[in-house]
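Numbering (full-length UniProt numbering), first residue to last: 1 to 267. Just so you know, even glycine gets a beta-carbon here, dropped at the ideal spot from N, CA and C. Predicted model only: the values in this text are computed from it and were never measured. In what follows, a single structure is set out as C-alpha cells and then discussed.
Next up, the structure:
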C-alpha cells in the first residue's frame with residue numbers, strides 16, 4: 001500500500017464501502033497493480049513495468065479470496081463511466097481460541113458466501129499455464145534474502161495472533177489518485193469498530209511507510225518483530241536507527257517492517 005498523502009483532499013462523491021463481490025475482481029486487480037505494497041516493490045523492482053501480467057496474477061487469487069468465507073474483503077467503490085471502480089480495499093480474517101486446546105487460535109468464518117449469479121461473475125482471464133515465466137517477479141536477490149530474514153524474525157518471535165482471539169488485517173491499499181481522502185482510514189476503522197465491540201485486538205504485519213499510517217490510528221509496533229534493511233539488503237540495527245541511521249527509509253531505497261497491534265481502549 002502507498003501511504004495516504006498528508007494533504008487533505010475532498011471526499012470522492014458517491015463513494016460506497018461494502019463487501020467485495022465476484023464482479024469486483026477485475027477492478028480490484030487493477031487497484032493492486034497500481035498500488036503494490038512496499039515489501040513487494042522492494043523485492044521485485046519490475047512489478048510496475050508489467051501491469052498486464054500482474055493483473056492476471058491478481059485475478060487468479062482474488063477469484064478464490066472473494067468466495068472464501070474465512071477472508072472478508074471490503075472495498076471502497078466509486079461510479080466511473082457507468083461502472084463501479086474499486087479505489088480502496090482491506091482484507092480481514094478472524095481468529096478464535098480453540099476451546100479444546102485453550103492455547104491456539106484458529107481462523108473462523110467471517111461471512112456467508114452467497115451463490116454467484118452468472119451476471120455477477122467476473123469475465124474469464126487467460127491464465128495459460130504454458131506462458132513464459134513471470135518477468136515481473138524477477139527478484140532483487142539481496143532484497144529477497146533480506147525479507148526472508150525479516151520473515152524468519154517474525155516466525156521466531158512469539159506470535160500473539162496465534163494464541164488469542166483477534167482480527168488480522170491482511171491487506172490494505174488505495175489507488176494513488178484517491179489517497180489522502182480518508183479511504184484507508186475508513187476501511188481500517190471498520191475492523192477497529194468490530195474488534196472494539198467484541199473486545200479483541202487487531203494484528204497486522206506490514207512494511208514501509210504504511211507503518212506510520214497504522215501508528216497514527218493507534219497501532220503499536222511489537223518491538224521483537226521489527227527489522228530494518230538498507231538499499232543493499234544489509235541489516236540496520238535498532239541502535240543504528242535510534243542514533244540517526246536513515247538508510248532503511250523508503251526514500252533511501254531501504255525498508256522496515258514489523259508486526260503491529262491495536263487494542264480496544266476497554267480491553
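Legend entry - Beta-ladder partner(s) of residue 80, from DSSP: 83
Inset, instruction - Take residue 122 and list the residues in its own chain whose beta-carbon comes closer than 8 Å to its own, dropping the five residues that flank it on each side. - result: In this predicted model, residue 122 has a pLDDT of only 46, less than 50, meaning its place in the structure is not dependable; the value taken from the coordinates is given anyway. Non-local beta-carbon contacts of residue 122 in its own chain, meaning distances under 8 Å to residues more than five positions away in sequence, involve 22, 23, 24, 25, 26, 59, 63 in chain order.
Inset, instruction - On a CA-only basis, which of 201, 50, 257, 28 is nearest residue 146? Give me that one, please. - result: 257
Legend entry - Test item: CB-CB of residue 95 and residue 40 under 8 Å: Against a cut-off of 8 Å, the Cβ pair of residue 40 and residue 95 comes out as no contact.
Inset, instruction - Please confirm whether residue 74 and residue 190 have their CB atoms less than 8 Å apart. - result: Going by beta carbons, residue 74 and residue 190 fall inside the 8 Å limit.
Inset, instruction - Give the straight-line distance between the Cα atoms of residue 137 and residue 158, rounded to the nearest whole angstrom. - result: 31 Å
Legend entry - Neighbour-count burial assignment, residue 208, 16 or more Cβ in a 10 Å radius: Around the beta carbon of residue 208, 16 or more other beta carbons lie within 10 angstroms, which makes this residue buried.
Legend entry - Counterpart residues of residue 171 in DSSP-defined beta bridges: In the DSSP output, where bridge partners are listed per residue, residue 171 has 91.
Inset, instruction - Answer yes if the region 239-254 comes into contact with the region 191-199, meaning at least three C-beta pairs across the two stretches below 8 Å, and no otherwise. - result: no
Inset, instruction - Out of 232, 213, 205, 188, state which residue places its alpha-carbon closest to the alpha-carbon of residue 223. - result: 205
Inset, instruction - In the DSSP assignment, find the unbroken beta strand (DSSP E) run with residue 19 in it and report its ends. - result: 16-19
Inset, instruction - Using a threshold of 8 Å, state whether the C-beta atoms of residue 178 and residue 86 are closer than that. - result: no
Inset, instruction - Would you mind working out which of 45, 152, 228 sits nearest residue 247, comparing C-alpha positions? - result: 228
Inset, instruction - Take residue 220 and list the residues in its own chain whose beta-carbon comes closer than 8 Å to its own, dropping the five residues that flank it on each side. - result: In chain order, 260, 261, 262 place their CB closer than 8 Å to the CB of residue 220, counting only its own chain and leaving out the 5 sequence neighbours on each side.
Inset, instruction - Ignore the nearest five residues each way along the sequence and tell me which others in residue 266's own chain have a CB closer than 6 Å to its CB. - result: Non-local beta-carbon contacts of residue 266 in its own chain, meaning distances under 6 Å to residues more than five positions away in sequence, are absent.
Legend entry - Buried or exposed (CB count within 10 angstroms, at least 16 for buried), residue 173: Using a 10 angstroms sphere on the CB of residue 173, the tally of other CB atoms reaches 16 or more, which defines it as buried.
Inset, instruction - Alpha carbon to alpha carbon, how far is residue 78 from residue 180? Give it in angstroms, no decimals. - result: 16 Å
Inset, instruction - Could you tell me if residue 156 is buried or exposed, where buried requires 16 or more neighbouring beta carbons within 10 angstroms of its beta carbon? - result: exposed
Inset, instruction - Identify which residue in 113, 83, 56 has its Cα closest to the Cα of residue 71. - result: 113
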